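Residues 3 to 55 in our numbering are what the sequence shown lists, from first letter to last. The beta-carbon is built from N, C-alpha and C at its ideal position, and this holds for glycine as well. If you're wondering where the values come from, they're calculated on a predicted model, not measured in any experiment. Taking it in order: structure first as structure tokens, then the write-up.
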Amino acid sequence: MSNKTRSILKITAIVLVLLAVVMRLGYVSIPALHPHLFWMVVIAFALLLIGSK
Numbered sequence: 003m004s005n006k007t008r009s010i011l012k013i014t015a016i017v018l019v020l021l022a023v024v025m026r027l028g029y030v031s032i033p034a035l036h037p038h039l040f041w042m043v044v045i046a047f048a049l050l051l052i053g054s055k
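Right, here's the structure in full:
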């Protein structure tokens with residue numbers, strides 16, 4: 003896996019976690035994603051594991 007792909011996976015994971023935190027704080031409301039906040043964070047963690055060396 004190239005470094006560019008690893009960077010994209012890490013950035014995607016960070017964006018997912020930030021979106022989950024902002025939704026939990028109530029600044030952003032996306033009704034379709036609200037029930038899946040836990041799984042968003044789990045997927046982000048998995049992406050970080052895949053993206054790490």
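Are residue i and residue j touching if we call contact CB-CB under 8 Å?
i	j	result
G53	K12	yes
M25	L35	yes
Looking only at C-alpha atoms, which of the options sits nearest to residue i?
i	options	result
I45	A22, M3 and S9	A22
Which residues in the same chain as residue i place their Cβ atom closer than 8 Å to its Cβ, once the five residues preceding and following it in sequence are excluded?
i	result
L50	L11, K12 and A15
R143	The question about residue 143 has no answer here: the residues shown for the chain are numbered 3 through 55.
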